[in-house]
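Enquirer: Mind looking over this structure? Questions follow.
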Amino acid sequence: MLRTHTCGELRMEHVGQEVALTGWVQRSRDLGGMTFVDLRDRYGITQLAFNMETQAELCDQARKLGREFVILAKGKVAERSSKNKNIPTGEIEIIVEDLDILNKAKLPPFTIEDNTDGGDELRMKYRYLDLRRNPLKNNLMLRHQLAQEVRRYLSDVDFLEVETPFLIKSTPEGARDYVVPSRVHEGEFYALPQSPQTFKQLLMISGYDRYFQIVKCFRDEDLRADRQPEFTQIDCEMSFVEQEDILDTFEGMARHLFKKVKGIDLVDFPRMPYSEAMEFYGSDKPDIRFGMKFVNLNEQTQNKGFKVFDDAELVVGICAEGCASYTRKQLDKLTDFVKRPQIGAKGLVYVKCNEDGTFKSSVDKFYGQEDLKAWAEKCSAKPGDLILVLSGQTDKVRKQMCELRLEMGSQLGFRNPDKFAPLWVVDFPLLEWDDDGQRFHAMHHPFTSPKKDDLQLMESDPGKVRANAYDMVINGVEIGGGSVRIYDRELQKQMFTALGFSDEEAQAQFGFLMEAFEYGAPPHAGIALGFDRLAAMFGGQDSIRDFIAFPKNNSARDMMINSPSSIADDQLEELSLKITAEKKDN
Ligand code: ASP
62 MLRTHTCGEL RMEHVGQEVA LTGWVQRSRD LGGMTFVDLR DRYGITQLAF
112 NMETQAELCD QARKLGREFV ILAKGKVAER SSKNKNIPTG EIEIIVEDLD
162 ILNKAKLPPF TIEDNTDGGD ELRMKYRYLD LRRNPLKNNL MLRHQLAQEV
212 RRYLSDVDFL EVETPFLIKS TPEGARDYVV PSRVHEGEFY ALPQSPQTFK
262 QLLMISGYDR YFQIVKCFRD EDLRADRQPE FTQIDCEMSF VEQEDILDTF
312 EGMARHLFKK VKGIDLVDFP RMPYSEAMEF YGSDKPDIRF GMKFVNLNEQ
362 TQNKGFKVFD DAELVVGICA EGCASYTRKQ LDKLTDFVKR PQIGAKGLVY
412 VKCNEDGTFK SSVDKFYGQE DLKAWAEKCS AKPGDLILVL SGQTDKVRKQ
462 MCELRLEMGS QLGFRNPDKF APLWVVDFPL LEWDDDGQRF HAMHHPFTSP
512 KKDDLQLMES DPGKVRANAY DMVINGVEIG GGSVRIYDRE LQKQMFTALG
562 FSDEEAQAQF GFLMEAFEYG APPHAGIALG FDRLAAMFGG QDSIRDFIAF
612 PKNNSARDMM INSPSSIADD QLEELSLKIT AEKKDN
């Protein structure tokens, strides 16, 4: 090594030692008699001192160092006269005796500081410079630590890390495939895995009864906020298990990670059926850091002459404790919030439960004090509380109320990022009706097994069949999901039929798996956790982008290497491809 120590290493106990440090010039300060240079590497910052009186030439050299120059400095560790309590090396400095410029640097396009002046786009273009900054460095270190702990936990309970291929064919996880043309097999394509789903099931059939992999998955989705076309999963599968075994094992893993990485003891994860999550939180990933559960007010509100409620499939309320004092302006703001196009409610009804026991509502014309009292009782509202009510078609109004509940939770400070409320959402529906395509889709994926009790509904009422499927949810964020698998050829075939596959299509796409089921497939189940999302949650941030070293931007483009990009004509020819579409301007 060119260096003897890192820039984060030296302390008082090293005073007097001759050392060599390497790194980047963070800044230099010229104070006339002395010049100080902050030298930075991955490990920290150490102050270099140059004395004009004793080493004029060296000092002169130091003054000419630009930001981000790469240098090697040799000298003696000395105690600082004015100490900096804010950094671990703040008690010492290096009295430099020898300075070597290893490489010059152009002035970076933004400052390499925790609070940089660089905009998003510029930082994406120069990601390698952005990665020099502490916030990103800390994120990557956290990600590394999590990966180590995941491996440790899973290895300790006999999971084997096995790699699966990237050049495969379609795995149906509900997105479009990224495809790769084959040169050797003209006109044929590989698909990149949306997940290693079929391979991990095949590994179970091979007898590797506990598999995991920290693995890239590729999904060509319409990019919603904070999705990445390639992302990382902690992908796992187990044989000879039931649903509870998976839940226990991965609850254990989550608990291990929280303990090791954050020093937090997580509570036991409650299990909540999907139907309950939808009924009381309007979401399959409820944030249960706070209550404010939905209350069905159909009985209390309908047939009193208020047409909006009478025509609604569902009238639903939440009780915001202590909010009866909300002003007109605050209530108008909430109304605007639910009326935003992204939420799409027509309006918001409120009832203030006054301290004196009376009620004031926005629908006083239709409802008397006795009526409103009945609403309040149903909502367990006390004097001082505010009831907020939405109505409409069940699915829609639940989604809207879910947003309003989360907004109120935020306003009331119930969504503390340092508090963690995990749960398992279980018993998802097996199938989901797609109105546009007039067909069913697998809610999880086609390899998910139906609940035994619901099997008889597979043909008569497939929409009602529940699945052995589960999601791990923490603070309203889906951290992962999985299912107990089908391992019987006939049932798998029945599932493909329910999904509208012809026998030939099912055979062409998944014949290999159905055939494998005939060679002694053990009962198996699995789960995949979103590793980027987990890292972001541990880092206390909403966005996954800065927990990935080289992410794509919101239009799936890598701004740094400028990809995707066109390829040369001879490459196209080699691949037997012809571009017919006009190139769209980005
Ligand atoms: N392959 C599934 C997914 O990516 C996870 C699983 O079922 O294990 O969501």
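My numbering runs 61 ahead of the 1-based position in the sequence shown. In this text, a Cβ means the ideal position worked out from N, Cα and C, and glycines have one as well.
#1: Can you have a look at Ile-153 and say buried or exposed, based on whether 16 or more other CB atoms are within 10 angstroms of its CB?
#2: May I ask you to report which of helix, strand or coil DSSP gives Ala-442?
#3: Cβ-heavy atom distance between Thr-455 and the ligand ASP below 8 angstroms?
#4: How would you write the range of the alpha helix (DSSP H) that Ile-307 sits in, first residue to last?
#5: Exposed or buried, what is Phe-573 when buried is set at 16 or more other beta-carbons lying within 10 Å of its beta-carbon?
#6: State the DSSP-derived secondary structure class of Thr-293, mapped to helix, strand or coil.
#7: Got a sec? Which residues, its chain only, sit under 8 angstroms from Phe-501 by beta carbon, not counting five neighbours each side?
#8: Which residue comes first and which comes last in the beta strand (DSSP E) that contains Pro-402?
#9: Per DSSP, which one or two residues make a beta bridge with Glu-114?
#10: Starting from Ala-166, trace the beta strand (DSSP E) both ways and give me its first and last residue.
#11: In whole angstroms, what is the alpha-carbon distance linking Asp-479 and Asp-161?
#12: Please classify Glu-464: is it buried, with 16 or more other beta-carbons within 10 angstroms of its beta-carbon, or exposed?
#13: In terms of alpha-carbon separation, which member of Leu-109, Asp-281, Val-399, Glu-118 lies closest to Ser-231?
#14: Tell me the DSSP secondary structure of Arg-594 in three-state form.
#15: Sorted by chain position, which residues of the same chain lie with C-beta nearer than 7 angstroms to Val-369's C-beta, five sequence neighbours on each side aside?
#16: Considering Cα atoms alone, identify which of Gly-378, Glu-374, Ser-422 is closest to Ala-385.
#17: Taking the alpha-carbon positions, what's the Ser-471 to Cys-380 distance?
#18: Looking only at its own chain, which residues have a Cβ that is under 8 angstroms from the Cβ of Thr-96, when we skip the five neighbours before and after it?
#19: Which same chain residues end up closer than 6 angstroms to Met-469 when comparing Cβ atoms and leaving out the 5 residues on each side of it in sequence?
#20: According to DSSP, is Met-73 helix, strand or coil?
#21: In the DSSP assignment, the alpha helix (DSSP H) including His-205 goes from what residue to what residue?
#22: Residues bridged to Cys-278 by DSSP?
#23: Find out if the Cβ-Cβ distance for the pair Thr-172, Gly-180 is shorter than 9 angstroms.
#24: Beta carbon of Gly-180: closer than 8 angstroms to some heavy atom of the ligand MN?
#25: Looking at the structure shown, is Asp-121 part of a helix, part of a strand, or coil, going by DSSP?
#26: Just the C-alpha distance for Val-223 and Pro-483, rounded to the nearest angstrom, thanks.
#27: Return the first residue and the last residue of the alpha helix (DSSP H) that Asp-425 is part of.
#28: So what does DSSP say about Asn-647, is it helix, strand or coil?
#29: Starting from Ser-624, follow its DSSP beta bridges and name the residues at the other end.
#30: With burial defined as no fewer than 16 other Cβ atoms inside 10 Å of the residue's Cβ, what is the status of Tyr-189: buried or exposed?
#31: On the three-state DSSP scale, how would you describe Cys-463?
#32: Taking Leu-433 and Val-412 to be in contact with their CB atoms under 8 angstroms, please state how far apart those CB atoms are, rounded to whole angstroms.
#33: Determine the direct distance from the alpha carbon of Leu-518 to that of Asp-564, and round the result to whole angstroms.
#34: Which same chain residues, not among the five before or five after Arg-606, have their C-beta less than 8 angstroms away from its C-beta?
#35: From which residue to which residue does the beta strand (DSSP E) around Gly-84 run?
#36: With 16 as the cutoff for other CB atoms within 10 Å, does Ala-642 come out buried or exposed?
Expert: Reading it off the structure:
#1: buried
#2: coil
#3: no
#4: 304-318
#5: exposed
#6: strand
#7: Leu-492, Glu-493, Trp-494, Asp-495, Pro-523, Gly-524, Ala-559, Leu-560, Gly-561
#8: From DSSP, Pro-402 is part of no beta strand (DSSP E); its letter is neither H nor E.
#9: Per DSSP, none; premise fails for Glu-114.
#10: Neither: Ala-166 is in no beta strand (DSSP E) and is coded neither H nor E.
#11: 46 angstroms
#12: buried
#13: Asp-281
#14: helix
#15: Ser-452
#16: Ser-422
#17: 14 angstroms
#18: Ser-89, Arg-90, Ala-110, Phe-111, Met-113, Cys-120, Ala-123, Arg-124
#19: Ala-381
#20: helix
#21: 195-217
#22: Phe-292
#23: no
#24: Here the bound small molecules are the ligand ASP; the ligand MN is not part of this structure.
#25: helix
#26: 28 angstroms
#27: Unbroken run through Asp-425: none, as it is neither H nor E.
#28: The predicted position of Asn-647 is uncertain, since its pLDDT is 47 and thus under 50; a value taken from the coordinates is nonetheless stated next. Coil.
#29: Asp-619
#30: exposed
#31: helix
#32: 5 angstroms
#33: 21 angstroms
#34: Asp-287, Gln-289, Pro-612
#35: 79-91
#36: exposed
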